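**Student:** Please see the structure below; I have some questions.
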Amino acid sequence: MTRPTVPPGAAPPDVTLERFSRARLPRYVDALEQGWSPDNIRGAVAAREQLDAIAKDPDAFVWRSDDPEGRLPPIQGLDGVLYARLPGVTRWIWDDDFCGVISLRWDHDRTGVLPPHVLGHIGYAVVPWKRGLGRARQALKLILPVAWARGLPFVELTTQPDNLASQKVILANGGVLVERFAKPISMGGGESLRFRIRRPAGA
Ligand SMILES: CC(C)(COP(=O)(O)OP(=O)(O)OC[C@H]1O[C@@H](n2cnc3c(N)ncnc32)[C@H](O)[C@@H]1OP(=O)(O)O)[C@@H](O)C(=O)NCCC(=O)NCCS
């Protein structure tokens with residue numbers, strides 16, 4: 747899975763976070779068709795589901811990426827149980843082309859405390875041909891003010907212990923390791939690290 751990226755020696759263009767749109771949807775579809783998945787846990791199955799959903803009703807797919815009131819139907823965990831969906835938004839990470847996705851979710855009361863089946867406020871994934879260019883680091887930096895504007899006192903992010911790239915992204919954005927814990931079966935089980943980024947004073 748290789749794609750032309752930044753020429754050697756050239757600075758990569760700045761990152762923006764973009765709402766899903768019909769105009770840019772073909773670039774997202776292209777990434778899914780290349781074998782990339784925005785879902786770190788469900789991988790190719792989730793990518794296939796998204797391609798099917800886009801083919802069936804692209805407007806609904808775009809619309810569902812923005813759910814700040816938490817009105818979408820419950821979500822099914824890997825344990826088969828249906829869980830209430832939290833409010834949240836998903837944005838495309840973009841530079842001169844599609845780079846990946848970043849999502850933010852929050853509890854209705856804005857305490858920052860999440861139910862056990864929700865692994866963190868923020869998740870992200872970058873397409874392989876855009877990795878190592880600071881795309882995730884910049885995307886996380888850009889979405890933090892959105893979390894503070896929603897009233898969250900902190901955000902938590904979880905990573906696999908061996909996901910050093912993701913840990914670097916979090917640490918570069920002020921993340922502090924809180925704990926090593928066992929993931930619930932509904933999220934696939936196994937060990938995970940929990941990081942926390944506090945809202946800065948005045949934000
Ligand atoms: C994790 C991920 C989002 C990082 O995206 P990215 O745009 O490449 O990240 P950035 O370029 O902003 O930063 C990555 C950092 O990790 C470093 N890195 C990359 N691979 C690494 C590895 N195997 N070991 C150690 N460091 C690594 C990079 O050099 C960079 O460090 P730097 O900022 O000091 O240069 C991307 O690898 C990805 O999508 N992985 C699959 C999905 C995933 O793991 N999502 C996160 C779930 S918690």
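The sequence shown begins at 747 in our numbering and counts up one residue at a time. Cβ coordinates follow ideal geometry from the N, Cα and C atoms, glycine included. Remember, predicted model here, so these are calculated numbers, not experimental data.
Which residues in the same chain as G816 place their Cβ atom closer than 7 Å to its Cβ, once the five residues preceding and following it in sequence are excluded?
**Tutor:** On the sequence shown, residue 816 is found 70 positions in, with the first residue counted as 1. Counting only Cβ-Cβ distances below 7 Å, and skipping sequence neighbours, we find R831, L832, P833, H854.
**Student:** Between G921, V761, Q780, L939, which lies nearest to P946 when the distance is taken from Cα to Cα?
**Tutor:** Translated into positions along the sequence shown, residue 946 becomes position 200. It is G921.
**Student:** Spell out the partners DSSP gives Q822 in its beta bridges.
**Tutor:** Taking the first residue of the sequence shown as position 1, residue 822 is located at position 76. BP columns for Q822 point to L828.
**Student:** How close, in whole Å, do the beta carbons of A885 and I839 come, if the pair is a contact with beta carbons under 8 Å?
**Tutor:** Taking the sequence shown and counting its residues from 1, the one referred to as residue 885 is at position 139. Taking the sequence shown and counting its residues from 1, the one referred to as residue 839 is at position 93. The pair is a contact, with the Cβ atoms about 4 Å apart (cut-off 8 Å).
**Student:** Does the distance from the CB of H867 to the CB of P930 come in under 8 Å?
**Tutor:** Here residue 867 refers to the residue found at position 121 of the sequence shown. Here residue 930 refers to the residue found at position 184 of the sequence shown. Their beta carbons are not under 8 Å apart, which means H867 does not touch P930 by this criterion.
**Student:** Quick one: give me the first and last residue of the alpha helix (DSSP H) that R768 is part of.
**Tutor:** Sequence index remark: in the sequence shown, residue 768 carries index 22 (1-based). Unbroken run through R768: none, as it is neither H nor E.
**Student:** Can you pull the DSSP bridge partners for W838?
**Tutor:** If you number the sequence shown from 1, residue 838 lands on position 92. E764, V847.
**Student:** Of the choices R856, V915, I800, whose alpha-carbon is the least far from that of R877?
**Tutor:** Indexing the sequence shown from 1 puts residue 877 at position 131. Cα-wise, what sits closest to R877 is V915.
**Student:** Can you name, in chain order, every residue of its own chain whose Cβ lies under 8 Å from the Cβ of V859, other than the five neighbours on each side?
**Tutor:** Against the sequence shown, residue 859 aligns to sequence position 113. Excluding residues within five positions, the ones whose Cβ falls inside 8 Å are D853.
**Student:** Give the range of the beta strand (DSSP E) segment to which D864 is assigned.
**Tutor:** Within the sequence shown, residue 864 is the residue found at index 118, counting from 1. In the sequence on display, residue 864 carries Val and not Asp. V864 -> no beta strand (DSSP E), and no H or E assigned at all.
**Student:** Taking the straight line between their C-alpha atoms, what separation do you get for E795 and A871?
**Tutor:** By 1-based counting over the sequence shown, the position of residue 795 is 49. By 1-based counting over the sequence shown, the position of residue 871 is 125. In a straight line, the C-alpha of E795 is about 17 Å away from that of A871.
**Student:** Note down, in chain order, each residue of its chain lying with its Cβ closer than 8 Å to the Cβ of N919, except the 5 sequence neighbours on either side.
**Tutor:** By one-based count along the sequence shown, residue 919 stands at place 173. So the list reads R883, L886, K887, L890, I943, once near-sequence residues are dropped.
**Student:** Applying the 10 Å Cβ sphere with the 16-neighbour rule, what's the burial state of E937?
**Tutor:** Here residue 937 is taken as the residue at index 191 of the sequence shown, counted from 1. Result: exposed.
**Student:** For the stretch 867-940, which segments carrying the beta strand (DSSP E) assignment without a break, of at least 3 residues, lie completely within its bounds, in sequence order?
**Tutor:** The stretch 867-940 contains these whole beta strand (DSSP E) runs: 868-872, 900-905, 922-928.
**Student:** In the DSSP assignment, what are the bridge partners of R944?
**Tutor:** Residue 944 sits at position 198 when you count from the first residue of the sequence shown. Beta-bridge pairing links R944 to F900.
**Student:** Below 7 Å, is the gap between the Cβ of N786 and the nearest heavy atom of ligand 1?
**Tutor:** Taking the first residue of the sequence shown as position 1, residue 786 is located at position 40. True, at least one ligand heavy atom lies under 7 Å from that Cβ.
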